[in-house]
Amino acid sequence: MLGTRTLRFFADGFGGEVIRPGEPKYDAARAVWNGLVDRRPGLVVLPNGAADVVAALRFAREQELVVAVRGGGHSIPGFSTCDDGMVIDLSRMRGATIDPERRTAVCAGGALLSELDDAAQAVGLVCPVGVVSHTGVAGLTLGGGMGRLQRKFGLTIDNLRAVDLVTADGGVVRASSDENPELYWGVRGAGANFGVATSFEYALHPLNHPITHGTVVHPIERAGELAQLFTEMAETGPDELWLGFYIHLALPAEDYPAGIGGRPVAAVSALHCGQPREAERDLARLRAFGPPVGGSIGPKPHLAAQRLADVSSEWGHRFYMKSAFLRSLPEELVDIAVQHAHGIPEGAGGEFSFWSWGRAIAEVPEDATAFTGRTAAYWMGAEIQWDDPALDGPSRAWARAAMAGVGPFATRGLYVNDVAESRGDPRAIYGDAKYERLVGLNRAWDPDNVFRMNQNIRP
Ligand SMILES: Cc1cc2nc3c(=O)[nH]c(=O)nc-3n(C[C@H](O)[C@H](O)[C@H](O)COP(=O)(O)OP(=O)(O)OC[C@H]3O[C@@H](n4cnc5c(N)ncnc54)[C@H](O)[C@@H]3O)c2cc1C
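Taken in order, the sequence shown gives residues 1 to 459; the numbers are from our numbering.
Take a look at the structure:
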C-alpha cells in the first residue's frame, strides 16, 4: 500500500499531474470507455512528455505498483486502468504533426484518431485507422488497426514507420525497420507488452476527394441473398472498395417501416475511396439489389464518415464482443447469425459484422508483423452493448453462444484488440511460433513483466 508521504513526495517532484483517490477528478480519471470496468487505481499520473513517463515508471517500479497505460481508454477488457496500482494516462500528450512533403504524420502517445484524421485531411492526406474517432491512436496501432481504407492502404501497422517507447528499465528507444527491428516486428500487433509508446510515425496517402459511403438495410428474409452479393462484390471489387455485411436489430424502430422496426435486419455498408464516378460503377449491383428499407449510400467527406459512429459508440455503455478471422462466408454462418439475431437479450443492442479483408493486408507477409490473421477472407465480430447491469450475464452469454459454432470456418489468429476477456490466450491470438518469438522479445525488453495490463506475453 502506497504511503501518503511517499506519494506526496513523488507528486511534488513530478512534471505532470497526479490524481489520487478522494480528489474531485479521481472518478473521471479512473473511468475507461467500457462501462463494465470499474477499477480503483492507487494513483493516476498524467505526464507531459517522455521524461515524465520515465519518472512515473521509476516510481511505480520502486513501489512495486501494477502499471496500466492509457492512450484513448477504449480497451474492451479495461486494460488501461487497474486496482491499487498506477495508471499512466497519456491524455496530456496529444496531437498529430503532418509533413505534407514527406507524407508522414507524427502522433503523440495519447492522441486520438480524430486528431490524426483531421490533421492529415487538412492537407489532403490520410492514414488508415479505425472507425470511431475517439479511439486512441496508441492502443489501436499497437494491436493492428482495422478500418475502412484497409483494402487499399493496409492495416494501421502497415503504415507505421517508427515508434518511440519508454521501456521497463526507463530507457527511451526507437523501433523501426532500421532501429531495433525485432522490437518493431513485435510492436506491430503485440505492442502493449513492451513499453509506453510516446510517439508514432506513420506514412500517409493522398485522399483529397469525397469518398462514397453509407449503409443499406434489407429485410432479414433476404439475408442469404445479400450475403452472397456481399461476398461476390468483395471478391471482384477493386481495392478501393471496402464492404461490411451486418445482421442487427432495426433500431430505433420508428426509423423503419411497420413490420421491420425492432426486428433483425440484414445490411451492407460500403466505403469506396476512389473517385465518386468509379464508386457509382462499382456499387451498381448493390443498388440493383432493390430498394432498401433503410439507409443510403452517397458521396461525403472522409471525415464525416469517420465520425458517424462516435455517438452510438460513446463512453460509458457496457460492451462485450467476440471475433474471428474467416476463410470464407458460407451460408451456414449467415444462418448462425440470423438465428442468434433473434435471441439478442431484450434491452441490449447486438450485431454481427463481417468485414471484407485481404488485398493490401494480404500483400504484407503473415510473418512480417506480430499481427496474425492476414490470410483471412473476412473478419467477423459478434458485438453487444447494453446499460442495465442485470443484462451483464445474458449479454456475454449471447455473444459466446453466437460465436461458439464459428470455429470450423475460422483461420489461425485473433485480433488482439477484440479479445474482451482480460485473460485471453495469447497463443490463440498469435499462433505458437509467433507467441514463442514474442516471449523472447519480452524477455529482452520487459523481463519483469511490468507491462502486463494487456493480452500478456509472459517473459
Ligand atoms: C468504440 C470502439 C471502436 C473501435 N473501433 C475499432 C476499429 O475500427 N478498428 C480497430 O482496429 N479497433 C477498433 N477498436 C478496438 C481498439 O483498437 C482497441 O480497443 C484499442 O486498444 C484502443 O486503444 P486506446 O488507446 O483507445 O485504448 P487504451 O484502453 O488506452 O489502451 C489499450 C491497450 O493499449 C495499451 N496502451 C495504450 N496506450 C499506450 C501507449 N501509449 N503505449 C503503450 N501501451 C499503450 C494499454 O495499456 C492497453 O493494454 C474499437 C474499440 C472501441 C471501444
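Even for Gly, the Cβ is constructed at its ideal location relative to N, Cα and C.
Residue from the options whose Cα sits closest to the Cα of residue i
| i | options | result |
| --- | --- | --- |
| P408 | W386, P330 and F352 | P330 |
| A377 | S395, D392 and G358 | G358 |
| A162 | D118, D335 and C107 | C107 |
| A245 | A253, Y256 and L229 | Here residue 245 turns out to be Phe, not Ala, going by the sequence shown. For the residues A253, Y256 and L229, the minimum Cα distance to F245 belongs to L229. |
| L207 | P21, H302 and A56 | H302 |
| R263 | H342, L155, V66 and V166 | H342 |
| G389 | W355, D335, A348 and T375 | In the sequence under discussion, the amino acid at residue 389 is Pro, which differs from the Gly named in the question. Comparing Cα positions, the closest option is A348. |
| R285 | D83, E232 and A190 | E232 |
| A270 | T212, G381 and T369 | T212 |
| P291 | V216, S176 and V416 | V216 |
| E179 | G191, G170 and D164 | D164 |
| A227 | P426, F354, G78 and A404 | F354 |
| I297 | S114, C273, A258 and R103 | C273 |
| T156 | G170, V196, A105 and V123 | A105 |
| G42 | N449, E101 and R30 | R30 |
| V172 | P394, Q150, R151 and A197 | A197 |
| S75 | R458, M453 and P459 | M453 |
| G294 | G214, M403 and M146 | G214 |
Span separating the alpha-carbon of residue i from that of residue j
| i | j | result |
| --- | --- | --- |
| A420 | Y320 | 6 Å |
| E254 | Y184 | 50 Å |
| D481 | R5 | In this structure the chain extends from 1 to 459, so residue 481 is not present and cannot be described. |
| G35 | R281 | 43 Å |
| V187 | N193 | 8 Å |
| D158 | F9 | 43 Å |
| V66 | H248 | 39 Å |
| A279 | G237 | 10 Å |
| V54 | A266 | 50 Å |
| V37 | P77 | 7 Å |
| D392 | E383 | 13 Å |
| I457 | L438 | 7 Å |
Any non-hydrogen atom of ligand 1 within 7 Å of residue i CB
| i | result |
| --- | --- |
| M86 | no |
| M380 | no |
| F79 | yes |
| A68 | yes |
| G130 | yes |
| G358 | no |
| V173 | no |
| L308 | no |
| G42 | no |
| H302 | no |
| V76 | Note that residue 76 corresponds to Ile in the displayed sequence, not to Val. Indeed, a heavy atom of ligand 1 lies less than 7 Å from the Cβ. |
| L478 | In this structure the chain extends from 1 to 459, so residue 478 is not present and cannot be described. |
| S328 | no |
| N180 | no |
| T135 | yes |
| M233 | no |
| L36 | no |
| G261 | no |
| A55 | no |
| G139 | yes |
Other residues of its chain near residue i: CB distance less than 7 Å, five sequence neighbours each side excluded
| i | result |
| --- | --- |
| G431 | T372, R412 and G413 |
| E182 | L441 |
| W315 | W33 |
| Q121 | H302 and L303 |
| A11 | V18 |
| D310 | V132, S133 and H134 |
| G16 | V45, L46, P47, N48, D52 and R92 |
| R307 | S133 |
Own chain residues within Cβ distance below 6 Å of residue i, not counting five before or after
| i | result |
| --- | --- |
| S80 | V32, A68, R70 and G73 |
| G189 | G144, T369, A370 and F371 |
| A60 | V67 and M86 |
| F352 | I247, A337 and A382 |
| D84 | G42 |
Residues near residue i by beta carbon distance below 8 Å, same chain, minus five either side
| i | result |
| --- | --- |
| H209 | Q275 and P276 |
| G154 | P128, A360, I361, E363 and V364 |
| R327 | A376, A377, F409, A410 and T411 |
Closer than 7 Å: residue i CB and nearest ligand 2 heavy atom
| i | result |
| --- | --- |
| N417 | This structure lacks ligand 2; the ligands present are ligand 1. |
Taking the runs of the alpha helix (DSSP H) that are 4 residues or longer, which of them lie wholly in the segment 5–51?
26–30
In the segment 348–382, which residue ranges form an unbroken beta strand (DSSP E) of at least 3 residues, counting only runs that do not cross its ends?
349–356
Inside the segment 106–186 only - alpha helix (DSSP H) runs reaching at least 4 residues
113–121, 137–143 and 150–153
May I have a chain-ordered list of the beta strand (DSSP E) segments no shorter than 3 residues that lie completely inside the segment 226–299?
241–249 and 264–272
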